[in-house]
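Notes follow once the structure below has been shown.
Number of protein chains: 2
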Amino acid sequence: MKELPKISEAEWEVMKILWTRSPQTGNEVIEALEGQMDWKPKTVRTLISRLLQKNAIAFQEAGRTYLYYPLVSQDDYVQTETQSFLKRLYGGAVKPLLVHFLREQQLSSDEISELKRILDEKTEEGQDRDRRKDR
Amino acid sequence: MKELPKISEAEWEVMKILWTRSPQTGNEVIEALEGQMDWKPKTVRTLISRLLQKNAIAFQEAGRTYLYYPLVSQDDYVQTETQSFLKRLYGGAVKPLLVHFLREQQLSSDEISELKRILDEKTEEGQDRDRRKDR
DNA sequence: TATATTAGACTACACGCGTAATCCAAAAAT
DNA sequence: ATTTTTGGATTACGCGTGTAGTCTAATATA
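Chains as they are written, first to last, in the working numbering: chain A, 1 to 135; chain B, 1001 to 1135.
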């Protein structure tokens, strides 16, 4: 897998805007963040510049202005970040986190059912793998 | 809940040492990190100082040297960090993360069984709550 | 055409962090 | 007693980040 540029917390907000819709002009991004982030327009433009430098986004020229769009997918991002987060806090072991969350979180019956269904699928795969490799 | 001091990644390594055993002298901490982190002793001492300033740890004097111990619990920490991580990446929604991990991770049959058991418990609680509040 | 506006480029600046080195007083060693 | 070692305090320094402000060239406006 390729190296994803490191995106800071503030930059992340900009990325979210561009992930939900793109391409957008700087002003559109600024507007989208308004009232939500309480940032001066210049601040947003700085963040955009930094994301450009990091190759997290790019632009096409549209007359006198630029249309920005993401170069990395949110999924890739969430994936990698989650991985490193887990490593840091849970020593890479996913189960403790899962246990923690299954226990602590408010989950609706529907959600619980869905999670169980997923686990059932995993059980089958697991047995499959066990047969092939572990025994 | 009280405010937990912000602990950086490097500082976290020091905290882990003190969480597994405390109190410890600076040298003990340095030794415990040796070979694992490739930090100069002075670096570790800097981290210790910063943790003191942040009130993440404290010490008792023992003759000419100090014995350091944590002031915050690892559990509290993991909890808060996880919370803010989730908020940042998953918009606070836990289910997508759970789905993601249940799907992607290698889990043993035993682990899967345990997770299912937990979900079963939740189902009961959920029905309970439903009876009391939702209907 | 002269002027005001504006998008993007460049500059600013303090604070946290990673990564130490230097300084100093007290203890250990000679 | 003098010298060496050492734990802790203080200082260093470059990079990333949050949070903008200034500069400039082009465009919109009067």
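Glycine included, C-beta positions come from ideal geometry on N, C-alpha and C.
Exercise. Which partner residues of F1059 (chain B) appear in the DSSP bridge assignment?
Worked result: According to DSSP, F1059 (chain B) bridges with B:Y1068.
Exercise. In three-state terms, what does DSSP make of Q1079 (chain B)?
Worked result: Look at Q1079 (chain B) here: in three-state DSSP terms it is helix.
Exercise. Apart from the five residues on each side of it in sequence, which residues of its chain come closer than 8 Å, Cβ to Cβ, to F59 (chain A)?
Worked result: Here the set comprises P23, L52, Y66, L67, Y68, Y69.
Exercise. Can you find a CB in chain B that lies within less than 7 Å of the CB of I17 (chain A)?
Worked result: Not closer than 7 Å to any Cβ of chain B, the Cβ of I17 (chain A) fails to qualify, so no.
Exercise. Would a check of beta-carbon distances place T143 (chain A) closer than 7 Å to chain B?
Worked result: As shown, chain A starts at 1 and ends at 135. That puts residue 143 (chain A) outside it, with no answer to give.
For this session: Give every residue of the same chain whose Cβ lies closer than 6 Å to the Cβ of K54 (chain A), excluding the five residues on either side of it in the sequence, and list them in chain order.
Result: Cβ neighbours of K54 (chain A) beyond the five flanking positions: P5.
For this session: Evaluate K1122 (chain B) with the Cβ neighbour count: other Cβ atoms within 10 Å of its Cβ, from every protein chain shown; 16 or more gives buried, anything less gives exposed.
Result: K1122 (chain B) should be labelled buried.
Exercise. Under a three-way DSSP split, which group does Q1105 (chain B) fall into?
Worked result: In the structure shown, Q1105 (chain B) sits in coil (DSSP, three-state: anything other than H, G, I, E or B).
For this session: Measure from the C-beta of Q105 (chain A) to each C-beta in chain B and report whether the shortest distance is under 7 Å.
Result: With 7 Å as the cut-off, Q105 (chain A) counts as an interface residue toward chain B.
For this session: Hey, could you find the ends of the alpha helix (DSSP H) A1032 (chain B) is sitting in?
Result: Start and end: 1026-1033.
Problem set entry | Within chain B, the residues that R88 (chain A) reaches when beta carbons sit closer than 9 Å | Within 9 Å Cβ-Cβ: E1009, W1012, E1081.
For this session: Tell me, please, whether the CB atom of L102 (chain A) is closer than 7 Å to any CB atom in chain B?
Result: Interface residue, yes.
Exercise. So, using beta-carbon positions, are A1010 (chain B) and L1033 (chain B) closer together than 7 Å?
Worked result: No, Cβ-Cβ distance for A1010 (chain B) and L1033 (chain B) is not below 7 Å.
For this session: Anything in chain A within Cβ reach of L1119 (chain B), meaning under 8 Å, just list it in chain order.
Result: For a Cβ distance threshold of 8 Å, residue set L102, I112, L115, K116, L119 of chain A lies close to L1119 (chain B), ordered along the chain.
Exercise. E1011 (chain B) lies in the alpha helix (DSSP H); which residues open and close that run?
Worked result: First-last of the alpha helix (DSSP H) with E1011 (chain B): 1009-1020.
Exercise. With 7 Å set as the bound, which would you pick, yes or no: does the beta-carbon of V72 (chain A) sit closer than that to a beta-carbon of chain B?
Worked result: Chain B, which has no Cβ nearer than 7 Å to the Cβ of V72 (chain A), makes this no.
Exercise. Cα separation between D38 (chain A) and I1007 (chain B)?
Worked result: Cα to Cα, the separation comes out at about 26 Å.
For this session: Report the neighbours of V78 (chain A) on chain B: residues whose CB is nearer than 9 Å to its CB, in chain order.
Result: Neighbours of V78 (chain A) on chain B, chain order: L1089, Y1090, P1096, L1097, H1100.
Exercise. Could you check where the alpha helix (DSSP H) with S49 (chain A) kicks off and where it finishes?
Worked result: Looking at the DSSP string, the run of the alpha helix (DSSP H) that includes S49 (chain A) is 41-53.
For this session: Verify the CB distance criterion: does F1059 (chain B) have a CB-CB separation below 7 Å to chain A?
Result: Not closer than 7 Å to any Cβ of chain A, the Cβ of F1059 (chain B) fails to qualify, so no.
Exercise. Using a Cβ-Cβ cut-off of 8 Å (strictly less than) and excluding sequence neighbours within five positions of T25 (chain A), which residues of its own chain qualify?
Worked result: Result list for T25 (chain A): A62, T65, Y66, L67, Y68, in chain order.
Problem set entry | Distance, K16 (chain A) Cα to I57 (chain A) Cα | About 12 Å.
Exercise. Under the rule that 16 or more other beta-carbon atoms within 10 Å means buried, what is T146 (chain A), buried or exposed?
Worked result: In this structure chain A extends from 1 to 135, so residue 146 (chain A) is not present and cannot be described.
For this session: Return helix, strand or coil for K1122 (chain B), following the three-state DSSP convention.
Result: In this structure, K1122 (chain B) counts as helix in the three-state DSSP scheme.
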